[in-house]
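Peer 1:
Residue numbers (our numbering): 16 to 196.
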C-alpha cells in the first residue's frame, strides 16, 4: 500500500504527556463544519505584534490517498489551526471576516474533491498528476484569499466585505455536491 499525505504547510503538533497524537491534533485543529462557526475562543495563537492585522486565520488543506490492489482512494481535510490563528481586535465583524477565510479554504477543499473525483488513475504518473492537481488548487486558494483581503482591505471596506461574504456563500453552494469528501 502506498501512502502520501500532502499539507499546504507542514504542521508539527506537540502533545502533552499521556495524550495521543489524535487528541493533540483535535486540540490544535478544527475541521470545517457548516454547523460550527469560528468563535474567538478558537483563536489560541500569540498575537503577532509586528503585524498591522487585526487578526490572522491559518487554514490547512490536506489530501491523503491510498492505493491498494490497484484501487485508488483519498480523503481531504479543510482545517483551521487554533494555535497559529490569533485575534487582536476581537469583534463580531472581524470574526465574520476571518470566518470568510476558513470558508474559502472549504471552497477549495470541495474543488479539490471535484478534481480528484474526475481524475483517471494512472499507475505510472499518479504521483506527478496528483501533485499537479493539488498545487493548482493551492495556488487558486491563495489567489482567492489574497483577493478577498485585497478587495475588502482586510474587512475595512464594508461594502466589499458584504459582497465577498455573499460571493463565498455562492461558491460554497456551487460546490455543494463535493462537500462529502
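Here a beta-carbon is modelled for each residue, glycine too, at the ideal position from N, C-alpha and C.
#1: Between 116, 125, 176, 82, which lies nearest to residue 159 when the distance is taken from Cα to Cα?
#2: Within this structure, are the beta carbons of residue 47 and residue 90 separated by less than 8 Å?
#3: Kindly identify the DSSP beta-bridge partner or partners of residue 94.
#4: If distances are taken between C-alpha atoms only, which option among 171, 185, 81 comes closest to residue 104?
#5: Go ahead and pull the three-state DSSP assignment for residue 148.
#6: Check for me: the alpha helix (DSSP H) holding residue 122 runs from which residue to which?
#7: Here's a check: name, in chain order, each residue in its chain whose Cβ is nearer than 6 Å to the Cβ of residue 196, leaving out the five neighbours to either side.
#8: Taking a contact to mean a Cβ-Cβ separation below 8 Å, would you say residue 179 touches residue 190 in this structure?
#9: In three-state terms, what does DSSP make of residue 182?
#10: Just to confirm before moving on: does the CB-CB distance between residue 121 and residue 44 stay below 8 Å?
#11: Here's a check: name, in chain order, each residue in its chain whose Cβ is nearer than 8 Å to the Cβ of residue 70, leaving out the five neighbours to either side.
#12: Can residue 130 and residue 152 be called in contact, C-beta distance under 8 Å?
#13: For residue 54, which residues does DSSP report across the bridge?
Peer 2: Put simply:
#1: 116
#2: no
#3: 46, 75
#4: 171
#5: helix
#6: 107 to 133
#7: 91, 128
#8: no
#9: helix
#10: no
#11: 58, 100, 101, 102, 103, 104, 105, 109, 110, 112, 113
#12: yes
#13: DSSP output for residue 54 lists no bridge partner at all.
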